[in-house]
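Colleague:
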Amino acid sequence: MKPSSRLPLGSSQPSSGPHRWRAYISVIVASLLNTLPFVATIPILPPFGLMVLMSWRLLRPDVFAPWSPLLLGLFNDLVSGQPLGSGMLLWTLCFLAVDVIDSRLVWRNIWYNWLIAAGAIGFCLSAGRLIATPLGAHVDTALLLQIIVSIALFPAVFRICARLDYRPRKL
Amino acid sequence: MAPPRNRRPGFSRRAQYGLFLSYVVAIGGALIAVVLIALSQLNAPAYSALRGAVREVTAPISASLGGVRRGITGVPSGIGQYFGVVSENQRLKKQLRQSGDLVQRARTLGRENARLRRLLQLRDRDPKTVAAARLVSSSPGSTRRYAVLYAGSRQGVRKGQPVRGPEGLIGRVLETSPNTARVLLILDPESIVPVQRTRDGLPAIAVGRGDGLLDIRSADMANAPFLAGDAFVTSGTGGIYPPNIPVGRVTRNSRDSAIARPFAGPDSVDFALVQQIFMPEAPPEPEPTGEASDQPS
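One line per chain: the protein sequences are V and D, in this order. If you use the UniProt record's numbering, the first sequence corresponds to residues 1 to 171, in order. If you use the UniProt record's numbering, the second sequence corresponds to residues 1 to 297, in order.
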C-alpha cells in the first residue's frame, strides 16, 4: 500500500458531501436518544448530541461550519426538554471556544481532546441547568453525576465518531 | 496530532469573506438564541407547535421501542410468575377469607356514607377520564421533568388537564399536538400541587424538588409538624386537580417543610389516565334563616 493511499486523521482533505451528511445525521441520532422509552425522574442521560458534535469538531474541523451548531442545537432543544434556544446558544459558544483554543494550541492529542470535551460538557450541562431550572431546585447532585458519567463516556463516543469518519480511499 | 488548519482560507478574498460571514452568522445566531431563551419563559405557542411536530414523529417510535422493552423485561417476571402461581393461589385464598368481613363492614359504611351525602345534598363531581395512554418518553438529559404522552388533542386531551396513574398523581398536560401531549410531572421543580393531609386535612403544597422527590410545605399559619408516614392527597384547591388523588408520603419527621416520596412512579406506570380539569362549583351558600328561601337548596 502506498503511503498516500490512505488519509491520515486530520489531513487537510476537504470533506465530501456524503461524509458531511454522516456527521450531521450522527449528531441528530444522538440527540434522538433523548426520546428513549423510559420516564426519568432525575437527569441521567448524558448529552449525547453535544458529545458527538464535539467529537466531530475535534476530529475534523472542516465538517461543520461555525453556524451549524445553531441548527443542531435547535433540534436538540426540541427533543430534550430544555428551553428552546439553550442548546443553540451553548453549543455555538462551545464551537467558538474550540476555535479559539485551536488558534492557540499547536498540538492536540487525545488528552487535550478529552479535556476540551470535558469543559464543553460541564459548561453546557451547568449553564443549561441555570437556564432551565430555578436556583432552589435540588438537582445539583444528580447533575454532577450526569457530568461525571458524560465525561467518562466521551472517549467511547469519540471512538465511534472516528470509526464513522474513517474510510479508506484511493487517490 | 497537529490541528488541521482547514479553516485558514489562504489568500483568496472570497474564501476569507465566506469564513468571516459564517462566524458572523454563528454569533448572530447565538444572540438570537438568547432572545429565544428569554421568550421561552413566556411559553410561546409557536414553540409548542414546533415541539409538537417533532413529537408527532418521535412518539410512535418511542412507543414501539417501549413495547419491545416491555416484552423483553417481562420475560423473567413471566417465568417467575408461572412457578409462583400455586403458592400465590393458596396465599390469596387465605387472604380472601380474612378480608371477607372487612368488605362487609366497608359496604355498610359505604351505604351509610352515600345516605349521609344525600342528606347533605352534596353534589359530587366525578372527574371523567378523557383518555388512557402510555407515557412513551421523557426528558432524561434535562434538569426539567417532562414526559410525552401518546394521546393528544384528537383523543380529547387539552392543555391543563391532570394526568394520574393507578397509584397517584403524575402531572398535568402542558402542550398538545394531534396525537401526543407534553406532561409536566409533579416532580418538576416548577410544579406546584395543592394538597391536604389525609389524617386531618391540613392544607399544604407539594413542590417538585427535581431529584425524584417532593417538598411538602405547609400552607397553614399554624406550626404543624410533619410526621414520617403522613400521606397527602390533592385538595382540589385551584381547580386543576380533582381532590383525593394520592400524591406522596412524608419520609422523615420535620417541621414547616418535609420531603415526601410520590406514590406514583412515572417510570413504572403502565397507563396514565388523563382527567378533566376539576372546577369545583361555588360552595352552597348558607341559607339565612327567616329570609327568602326561594333559592333551590
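Every residue gets a Cβ at the ideal spot worked out from N, C-alpha and C, and that includes glycine. Note that the coordinates shown come from a computational prediction; the quantities given were computed from them, not determined experimentally.
1. Is D/S48 close to chain V? Criterion is C-beta to C-beta, closer than 7 Å.
2. Count the other C-beta atoms from every protein chain shown that fall within 10 angstroms of the C-beta of V/F154, then say buried if there are 16 or more, exposed otherwise.
3. Taking Cβ-Cβ distances below 7 Å as the criterion, which residues of the segment 194-228 of chain D are in contact with chain V?
4. Please tell me whether D/Q161 and D/V274 are closer than 7 Å, where the distance is taken between their beta carbons.
5. Taking a cut of 7 Å between CB atoms, which residues from the segment 79-94 of chain V lie near chain D?
6. Consider the Cβ of D/R144: report whether some Cβ of chain V lies at a distance smaller than 7 Å.
7. Residues of the segment 50-72 of chain D in Cβ contact with chain V at a cutoff of 9 Å, in chain order, please.
8. Does D/M279 pass the burial test, meaning 16 or more other C-beta atoms within 10 Å, or should it be called exposed?
9. Closer than 7 Å, CB to CB, is D/Y23 near chain V or not?
10. Between D/F232 and D/E167, how many whole angstroms is the CB-CB distance? I'm expecting something under 8 Å.
11. Determine the closest residue to D/V209 out of D/S218, D/V173, D/L36 and D/A260, with distance taken between C-alpha atoms.
12. Do D/T176 and D/S153 come within 7 Å of each other at the CB atom, strictly closer than that value?
13. In chain order, what are the residue ranges of uninterrupted alpha helix (DSSP H) at least 4 long that sit wholly in the segment 17-65 of chain D?
14. Roughly how many whole angstroms lie between the Cα atoms of V/R57 and D/P45?
15. By DSSP, does D/E175 sit in helix, in strand, or in coil?
16. Count the C-beta pairs between the segment 28-39 of chain V and the segment 69-78 of chain V that are closer than 8 Å, then say yes if the count reaches three, no if not.
17. So which of D/Q276, D/G229 and D/S87 has the shortest CA-CA distance to D/A258?
18. Under 7 Å, do D/G165 and D/V183 count as touching if we go by C-beta distance?
19. For the putative contact between D/S139 and D/Y146, defined by C-beta atoms under 8 Å, what is the C-beta separation to the nearest angstrom?
20. Do you know how far the Cα of D/A30 is from the Cα of V/L93?
21. Are the CB atoms of D/G52 and D/V136 nearer to each other than 7 Å?
22. Quick one: does D/G168 have its CB under 7 Å from some CB of chain V?
23. Jot down the residue ranges of each uninterrupted beta strand (DSSP E) in the segment 25-113 of chain V, minimum 3 residues, whole runs only, in chain order.
24. Whole angstroms is fine: what's the gap from V/C145's alpha carbon to V/L45's?
25. CB-CB under 6 Å to D/A181, same chain, minus the five flanking residues each way: which ones, in chain order?
26. How would you write the range of the beta strand (DSSP E) that D/I216 sits in, first residue to last?
27. For the candidate residues V/S80, V/F64 and V/G87, whose alpha-carbon lies nearest to that of V/D99?
28. Which residue's Cα is closest to the Cα of D/G248: D/L213, D/P225 and D/P242?
29. Count the other CB atoms, across all protein chains shown, that sit within 10 Å of the CB of V/W91; report buried if there are 16 or more and exposed otherwise.
30. Of all the CB atoms in chain D, is at least one closer than 7 Å to the CB of V/I147?
31. Does V/R6 have its Cβ less than 7 Å from a Cβ in chain D?
32. Residues of chain D with CB under 8 Å from V/F64, in chain order?
33. V/P37 CB to nearest chain D CB: under 7 Å?
34. Whole angstroms are fine: how far does the CA of V/R108 sit from the CA of V/K2?
35. Beta strand (DSSP E) containing D/D274: first to last residue?
Modeller: For this structure:
1. no
2. buried
3. R209, G210, D211 and G212
4. yes
5. V79, S80, G81, Q82, P83, L84, G85, S86, M88, L89, T92 and L93
6. yes
7. L50, R51, A53, V54, R55, T58, A59, I61, S62, A63, S64, L65, G66, G67, V68, R69 and R70
8. exposed
9. yes
10. Between D/E167 and D/F232 the Cβ distance is about 13 Å, and since that is not below 8 Å, they are no contact.
11. It is worth fixing the name first, because residue 209 of chain D is Arg in this sequence and not Val. Nearest option by C-alpha distance: D/A260.
12. yes
13. none
14. 34 Å
15. strand
16. yes
17. D/G229
18. no
19. 4 Å
20. 8 Å
21. no
22. no
23. none
24. The question names Cys, but residue 145 of chain V is Leu in the sequence shown. Distance between the alpha carbons of V/L145 and V/L45: 10 Å.
25. L149, G152, V157 and V173
26. L214 to S218
27. V/F64
28. D/L213
29. buried
30. no
31. Confidence at V/R6 is low in this model, with a pLDDT of 44, below 50, so the placement of that residue is unreliable and no value is reported for it.
32. Chain D residues near V/F64: none, gap ~10 Å exceeds 8 Å.
33. yes
34. Any reading at V/K2 needs caution, since the residue's pLDDT is 39, under 50, leaving its predicted position unreliable; the model's value is listed next. Whole-angstrom Cα-Cα distance: 27 Å.
35. As written in the sequence, residue 274 of chain D is Val, which differs from the Asp given in the question. Per DSSP, D/V274 belongs to the beta strand (DSSP E) from A272 to Q275.
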